[in-house]
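Below is one structure; the comments refer to it alone.
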Amino acid sequence: MPAPIFALVDCNNFYASCEKLFDPRLAGVPVVVLSNNDGVVVARSAEVKALGLPMGQPWFKVRDLAKRHGIVAFSSNYTLYADMSNRVVNVLAQFSPDLEVYSIDESFLDLSGHVPESLAAYGRSIRERVRQWLGLTVCVGIASSKTLAKLANHCAKKNLAGTGGICDFTAMSAAELDSLMARIEVGEIWGVGRQLAPKLHAMGIRSVKALRDADPGQLRQRFSVVQERIVQELRGIPCLSLEDVTPDRQQIISSRSFGERVHDLQSLQEAVTSHICRAAEKLRNQDSLAGAVTVSIRTSPFNPNEPRYQKSLTVALPEASADSRILTRAALKLLGQSYRQGYAYQKAGVMLSDIRPRRLRQPSLFSAIGNDEDNRRLMQTLDHINSRWGRGTLRLAAEGTDFGWRMKRGHLSPAYTTNWETLPRLIAR
DNA sequence: CTATAACTCTCAA
DNA sequence: CTAACGTTGAGAGTTATAG
Numbered sequence: 119m120p121a122p123i124f125a126l127v128d129c130n131n132f133y134a135s136c137e138k139l140f141d142p143r144l145a146g147v148p149v150v151v152l153s154n155n156d157g158v159v160v161a162r163s164a165e166v167k168a169l170g171l172p173m174g175q176p177w178f179k180v181r182d183l184a185k186r187h188g189i190v191a192f193s194s195n196y197t198l199y200a201d202m203s204n205r206v207v208n209v210l211a212q213f214s215p216d217l218e219v220y221s222i223d224e225s226f227l228d229l230s231g232h233v234p235e236s237l238a239a240y241g242r243s244i245r246e247r248v249r250q251w252l253g254l255t256v257c258v259g260i261a262s263s264k265t266l267a268k269l270a271n272h273c274a275k276k277n278l279a280g281t282g283g284i285c286d287f288t289a290m291s292a293a294e295l296d297s298l299m300a301r302i303e304v305g306e307i308w309g310v311g312r313q314l315a316p317k318l319h320a321m322g323i324r325s326v327k328a329l330r331d332a333d334p335g336q337l338r339q340r341f342s343v344v345q346e347r348i349v350q351e352l353r354g355i356p357c358l359s360l361e362d363v364t365p366d367r368q369q370i371i372s373s374r375s376f377g378e379r380v381h382d383l384q385s386l387q388e389a390v391t392s393h394i395c396r397a398a399e400k401l402r403n404q405d406s407l408a409g410a411v412t413v414s415i416r417t418s419p420f421n422p423n424e425p426r427y428q429k430s431l432t433v434a435l436p437e438a439s440a441d442s443r444i445l446t447r448a449a450l451k452l453l454g455q456s457y458r459q460g461y462a463y464q465k466a467g468v469m470l471s472d473i474r475p476r477r478l479r480q481p482s483l484f485s486a487i488g489n490d491e492d493n494r495r496l497m498q499t500l501d502h503i504n505s506r507w508g509r510g511t512l513r514l515a516a517e518g519t520d521f522g523w524r525m526k527r528g529h530l531s532p533a534y535t536t537n538w539e540t541l542p543r544l545i546a547r
């Protein structure tokens, strides 16, 4: 078993780059992509970063500034991003069969046993091929643990070390690494977030190097195993392995903010039903059953002038199920218990939990024989129709037809890569 | 008391 | 015109509860 070598490949400004890719007029133009409901800025092109517009800002707060700088905004187009993401993964898979898709724009590759004489050159060829085949730019961080590979990737992106978007820690001397790590904020480390960073600061640990050289036992005492593992990983002792098989979900959530505030129970019922159907579809997709359903509704947590209300209720089902109708009945009952009139609701969501494979089904003593099989085939047919003809082709009537609660998507780009209908528009310009 | 379930907090993209 | 601020999933630790 050779010492592991990890590469972390991360697409630059992924969402913004996807948008630019299909509209050459956007070359050199600052572009932002907004979260669902056009809420906050979640991706920025290089030009926007240069302007100093921060990540995570509510769009309405920065809109004027953005207009003045000629920033073009897009609503999240997940159909496009997911499709481009798959294409990137397909290219990366050519470089190593041991690949973990970590997020929509990041993958870990196990490079152990691959061209040990020049890992950086291998990284460059990855970057070149993704650029050539897809027009997207990636950075590659290479190191002996996943945490270090993430850090190396950070260095590549910020041009702190390495060249041309590639940073290989395994080729650096101990002294080089020391001085590099001394210059990087501890908060940049994977797993050191908003809460932990200030606590580490208070202990006098401000740099990556300081954390690497800290006492792991003491950190475990004070915090948890997670922090102890981070220290080991920073020292090049891998504690995390490549997770190449994605396990079944243990919980499935569907929740969304409304485009406009919602006041009436009927709209909430329709929204909750849609959420259940979306979650149940995912549940069936992994051939599982859910044993519990949770429904949450809330008013805006931001507006101090609005009366606040939030409620979240869970029920255990008498018999685990993946039937949209059964799950909906349970959810609507919970919603009825949660709903209070007179509030301006901002968001509703559902969670399916206590999830198990369908093959472990335990029929209740009182369930009618055969019913379940009929229901399953009905759901199968429904999924089949929706996968063939598009999401939402066949729906429960309880989802309604009004959709006044649907999210805002005022700046949506076409489904460039997944819908032929967009082709004429592309050619026309 | 222990084993486990339920809940809370944190993190990440 | 005004008001307007994402979603999903996991893991660890803590607390409550059952036996």
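Take the position in the first sequence, starting the count at 1, then add 118; the result is the number in the working numbering.
Each residue gets a CB set at the ideal place from its N, CA and C atoms; glycine is no exception.
query: Contacting residues, own chain, Cβ-Cβ under 8 angstroms from Val304 (five flanking each side not counted); result: Val310, Ala315, Leu318, His319, Ile323, Arg324, Ser325, Val326, Ala328, Leu329
query: Stretch-stretch touch, CB-based, cutoff 8 angstroms, three pairs: the stretch 384–400 with the stretch 519–534; result: yes
query: Beta carbon of Glu399 nearer than 8 angstroms to that of Asp501; result: yes
query: Strand pairing of Lys465, partner residues [DSSP]; result: Ser375, Arg416
query: Nearest to Ala211 (by Cα), restricted to the options Arg426, Ala238, Val248, Leu183; result: Val248
query: Coil, strand or helix - Leu217 by DSSP; result: strand
query: Proximity of Phe287 and Leu278 at Cβ, strictly below 8 angstroms; result: no
query: Alpha helix (DSSP H) runs wholly inside the stretch 234–261, at least 4 long, in chain order; result: 237–252
query: Beta bridge counterpart(s) of Ile284 as assigned by DSSP; result: Val258, Thr281
query: Beta-carbon separation (whole angstroms), Ala440 vs Val411, contact threshold 8 angstroms; result: Their Cβ separation, rounded to whole angstroms, is 12 angstroms, which puts Ala440 and Val411 out of contact at 8 angstroms.
query: Residue burial classification, Phe91 (beta-carbon count within 10 angstroms, cutoff 16); result: The structure shown does not extend to residue 91, since the chain spans only 119 to 547, so no value can be given for it.
query: Bridge-paired residues (DSSP) for Thr432; result: Thr412
query: Coil, strand or helix - Asp228 by DSSP; result: strand
query: Neighbourhood of Arg396 by C-beta distance below 8 angstroms, restricted to the same chain and skipping five residues each side; result: Ser372
query: Pairwise C-alpha distance: Lys138 and Leu269; result: 27 angstroms
query: Complete runs of the alpha helix (DSSP H) confined to the stretch 140–200 [at least 4 residues]; result: 164–169, 177–186
query: Contact under 8 angstroms by Cβ, Val166 with Val180; result: no
query: Spatial neighbours of Cys129 in its chain, beta-carbon cut-off 6 angstroms, leaving aside the 5 residues before and after; result: Asp223, Leu254, Val256
query: Between the CA atoms of Lys264 and Ile244 - distance to the nearest angstrom; result: 18 angstroms
query: Check whether Ser262 and Ala125 have beta carbons under 8 angstroms apart; result: no
query: Cys357 - DSSP class collapsed to helix/strand/coil; result: coil
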